[in-house]
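Report on one structure; see the data block that follows.
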Amino acid sequence: MNKGEKIKVYFKMDGRCYGLFNVIQMGKDGIVDLKITDYYNGMVIVSKNSNDEKGYLTEEEIDRSRFIYRAEMSYHNDGSFLHKIKDGIKPEYSNPYGQGERWTATNSIEDFQPILNIAIRRMETYNKNSVHPILKNKEIAYICENDDLFEKNGTYLIILYIRNKKIPLNRYTRKELYSDIITELNKELDLCIFIQRHQYTKPKPYYSKGWKSMVTPYLNNSINFCNRESSKDEMKEKFGDAIFGSITNRFLMAMTDGEFINLSEDKLQLIDEVDILYKGHEGKMPVSKPVFIKLALNFLGNKLVEFNTLSSTIKQVLLKQWNKEVEARVQNEQNSHK
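Each residue of the sequence shown is one higher than the one before, counting from 1 in my numbering.
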């Protein structure tokens, strides 16, 4: 990612693109120094209860909060994380971990480095949308697409992070999650995103002095820098297999050649049938299971839905026939190299 480049990250729902945030490279080419902007809609409420995860503010908490209309977040190459408020004549800066504190310098990331997390409790907050991303010079778009994942009533957890290319990364989406590389930052590092369906605690009624009655507040979305003390361990514990799991990675790499894949219900149905075909025959088939799945997906193309309407018996007959054809092809290739 070169200096001045901006990536606008979207999710797609019902055929329209909704902006999540923008990432701008501030450092020299290849020196990772990132600014995150446009992660809010109109304004940001900065609460003193920064560690409060309930997802809403009471009237008293709102009175103690600050309303910001121009804000940025940044992760600098020296390992410092900063909030920037630009409402006044002079910008204000604050370090979420304490003045002068650093986390990990960007050239010292050995495995992965969490940057920020977004708790989406209300999708209706995202009301700015377009059919196609609106881009200017030096801007590119990255769109998270999965019709089975993004929905108006959905609630999600999003993690933006950097990974060192030495560790495996699983690039795929299912109806409950999304894991991919947004862009290459330099020869060693990638900027990545992980999205997971997430259930949040419902808001609890409280007594309002203003209304002089019990009220139930709206849940709000929140965005925070990741917890320096616990976020890496939590990512490994809760999402490690989904994101970095080596077994899943080897399977996906063989099936997709490292490309991103949407494991839709139609594809998963095909994979289930291939599992049946291979059961008890592992090591005896002409190609590995993920390679056979790749060949079957390429062969079926847009006829996959039609294939899945067949009975399991007929599907197994067809898969066995294709397996014989694959076996003959492999044998011919081996003979040609003798």
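Quick reminder that beta carbons are idealized off the backbone N, C-alpha and C, glycines included. A quick note: this is a predicted structure, and the numbers were derived from the prediction, not measured.
Considering only C-alpha positions, which residue in the set Y18, P286, N170 and E273 is nearest to R250?
Nearest C-alpha to R250: N170.
Just checking, does the segment 112-120 make contact with the segment 217-224 on the three C-beta pairs under 8 Å criterion?
Three or more beta-carbon pairs drawn from the segment 112-120 and the segment 217-224 are found closer than 8 Å, and the two stretches are therefore classed as touching.
Starting from S246, trace the alpha helix (DSSP H) both ways and give me its first and last residue.
Segment S246 to T256, the alpha helix (DSSP H) holding S246.
So, does the segment 264-272 touch the segment 194-206, judging by three or more C-beta pairs under 8 Å?
Taking one beta carbon from each stretch, the segment 264-272 and the segment 194-206 have fewer than 3 pairs nearer than 8 Å; the two do not touch.
Give the DSSP bridge partners of I261, in chain order.
Per DSSP, Y172.
Within its chain, find whatever has a CB closer than 7 Å to the CB of N2; leave out the 5 residues flanking it on each side and keep chain order.
Around N2, the same chain offers Q25 and D29 as residues with beta carbons nearer than 7 Å, after the five sequence neighbours per side are excluded.
Touching or not, the segment 307-326 and the segment 269-279, by the rule of three or more beta carbon pairs under 8 Å?
In this structure the segment 307-326 lies against the segment 269-279, because at least three pairs of beta carbons, one per stretch, are closer than 8 Å.
Can you give me the Cβ contacts of M13 inside the same chain, cut-off strictly under 6 Å, excluding the 5 residues immediately before and after it?
Only F150 meet the Cβ criterion.
Would you identify the three-state DSSP class for N137, choosing helix, strand or coil?
Correct three-state label for N137: coil.
CB of K6 within 9 Å of CB of E184, strictly:
Not closer than 9 Å, so no.
In terms of DSSP beta bridges, what is F112 paired with?
Beta-bridge pairing links F112 to R163.
To the nearest angstrom, how far is the alpha carbon of Q99 from that of L34?
Taking the CA atoms as reference points, Q99 sits about 19 Å from L34.
Express the C-alpha separation of P133 and M235 in angstroms, rounding to a whole number.
Rounded to whole angstroms, M235 and P133 show a C-alpha spacing of 30 Å.
Close-in-space but distant-in-sequence residues of the same chain around S74 (CB under 6 Å, 5 per side omitted):
Cβ neighbours of S74 beyond the five flanking positions: K35 and L82.
S179, buried or exposed, once every other Cβ within 10 Å from all chains shown has been counted against 16
It counts as buried.
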